[in-house]
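Colleague: Residue numbers (full-length UniProt numbering), protein chains in the order written: chain A, 1 to 232; chain B, 1 to 74. My questions will all concern the structure given below.
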Amino acid sequence: MLEGRYVRNQETLTDQDQNKLLASSVAIVGCGGLGGYIAEELARIGVRRLVLIDGDRLEVSNLNRQIMATEASIGQWKVEAARDRLQRVNSEVKVEIIKEWFAEERGTDFFSEVDLVFDALDSLATRVVLERVCHQLKLPLVFASIAGWYGQIGVSLPGDFSVLRLYGHGDRGVESKWGNPAFTPAVLASLSVAEGVKLLIGRIPALRRAWLQVDLLTMEFERFELPSFESI
Amino acid sequence: MRVTVKLFATFRDGRFKVEERELQEESKVLNILEPLNIKPEEVAICLVNGRDVNAQHLLKDGDTIALFPPVGGG
Numbered sequence: 001m002l003e004g005r006y007v008r009n010q011e012t013l014t015d016q017d018q019n020k021l022l023a024s025s026v027a028i029v030g031c032g033g034l035g036g037y038i039a040e041e042l043a044r045i046g047v048r049r050l051v052l053i054d055g056d057r058l059e060v061s062n063l064n065r066q067i068m069a070t071e072a073s074i075g076q077w078k079v080e081a082a083r084d085r086l087q088r089v090n091s092e093v094k095v096e097i098i099k100e101w102f103a104e105e106r107g108t109d110f111f112s113e114v115d116l117v118f119d120a121l122d123s124l125a126t127r128v129v130l131e132r133v134c135h136q137l138k139l140p141l142v143f144a145s146i147a148g149w150y151g152q153i154g155v156s157l158p159g160d161f162s163v164l165r166l167y168g169h170g171d172r173g174v175e176s177k178w179g180n181p182a183f184t185p186a187v188l189a190s191l192s193v194a195e196g197v198k199l200l201i202g203r204i205p206a207l208r209r210a211w212l213q214v215d216l217l218t219m220e221f222e223r224f225e226l227p228s229f230e231s232i
Numbered sequence: 001m002r003v004t005v006k007l008f009a010t011f012r013d014g015r016f017k018v019e020e021r022e023l024q025e026e027s028k029v030l031n032i033l034e035p036l037n038i039k040p041e042e043v044a045i046c047l048v049n050g051r052d053v054n055a056q057h058l059l060k061d062g063d064t065i066a067l068f069p070p071v072g073g074g
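Set out below in structure tokens:
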């Protein structure tokens, strides 16, 4: 291990926390705007293993926001470009790539020996499926989504159904019209990783049974509750 | 009756952030959406006093309605 690599994690993370991260395995579903930054931050903070899942290749329109995209990497699999970059950042992280779209029946394979899953997808319907699969496998899920100046992020633990309630209606998100500028995925990815790290080191996440509504136009961050069905 | 309507994300574009509305008794969430030119299927989640409801939900005086479009990009 490179001596001093994690020195600036200290105090925020205890040695015990860092060791938990260094033993942890995380899957990121979707390796675009959100997933790229999430992977970057997890590699830098020091997790043991990253599983990147995305069936897409890089294209020119990804350059405005996807940290793994460079002019030279256009046409490459997103997960391959991500792995190449991550290995240069932190060769001590084991990066596994899956060049496939997420599918319900593949969950058990994809999430073998995984401790935490990040939803960085761009399809409302697949988000709902991913939550169901995570719950079946008793895995915690951090979800985030973006469109234009706006984003949402939260944590779903087995039985919560936060994703179903937030994304279960409507077939298409407003991002199809409003696009995704550079800053929104970076902000939402960072918020996701902050929650994910808490889950990995055994601290209480702030956004369980809730979501944070992020508005970068007005700079308002507002929390909304999603109380369990039983209490409604 | 009087209710407070809060719009979020792209719903604010060309509309407002928060406004009070005067409604007839027995009004539903649907009756808020129509004059705003928002179709029920464009709403990802609607909270009335913090609880998620559908467009058929009956409103009462003093309710706060929060409307969110689907934000699904990654």
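Quick reminder that beta carbons are idealized off the backbone N, C-alpha and C, glycines included.
1) Of all Cβ atoms in chain A, is any one closer than 7 Å to the Cβ of B/Thr10?
2) For a quick check, are the C-beta atoms of A/Ala27 and A/Asn90 less than 7 Å apart?
3) Are the segment 146-155 of chain A and the segment 50-64 of chain A touching by the rule of at least three beta carbon pairs closer than 8 Å?
4) Compare the C-beta of B/Ile65 with all C-beta atoms of chain A and state if any pair is closer than 7 Å.
5) Would A/Leu226 and A/Ser145 be called neighbours here (beta carbons separated by less than 7 Å)?
6) Does DSSP put A/Ile74 in a helix, a strand or coil?
7) Give the DSSP-derived three-state secondary structure of A/Ala182 in the structure shown.
8) Run through chain B and tell me which residues come within less than 7 Å of A/Glu71, C-beta to C-beta.
9) According to DSSP, is A/Ser25 helix, strand or coil?
10) Applying the criterion that 16 or more other CB atoms from any shown protein chain within 10 Å of the CB defines a buried residue, is A/Glu41 buried or exposed?
11) Cβ atoms of A/Leu121 and A/Val29: under 7 Å apart, would you say?
12) Going by alpha carbons, who is nearest to A/Ser25 out of A/Thr12, A/Pro205, A/Phe118 and A/Arg106?
13) If I measure Cβ to Cβ from A/Ala147 and keep anything under 6 Å in the same chain, skipping five residues before and after, which residues do I get?
14) Rounded to the nearest angstrom, what separates B/Ala66 and A/Lys94 at their Cα positions?
15) Run through chain B and tell me which residues come within less than 9 Å of A/Gly151, C-beta to C-beta.
16) Can you find a CB in chain A that lies within less than 7 Å of the CB of B/Asp52?
17) Taking buried to mean at least 16 other C-beta atoms within 10 Å of its own C-beta, is A/Ile232 buried or exposed?
Modeller: Put simply:
1) yes
2) no
3) no
4) no
5) no
6) coil
7) coil
8) Neighbours of A/Glu71 on chain B: none; closest Cβ ~22 Å, over 7 Å.
9) strand
10) So A/Glu41 ends up on the buried side.
11) yes
12) A/Phe118
13) Gly173, Val174, Glu175 and Trp178
14) 43 Å
15) Ala9, Val71 and Gly73
16) yes
17) Here the model assigns A/Ile232 a pLDDT of 46, short of 50, so the residue's position is not dependable, and the following value carries that caveat. A/Ile232 comes out exposed.
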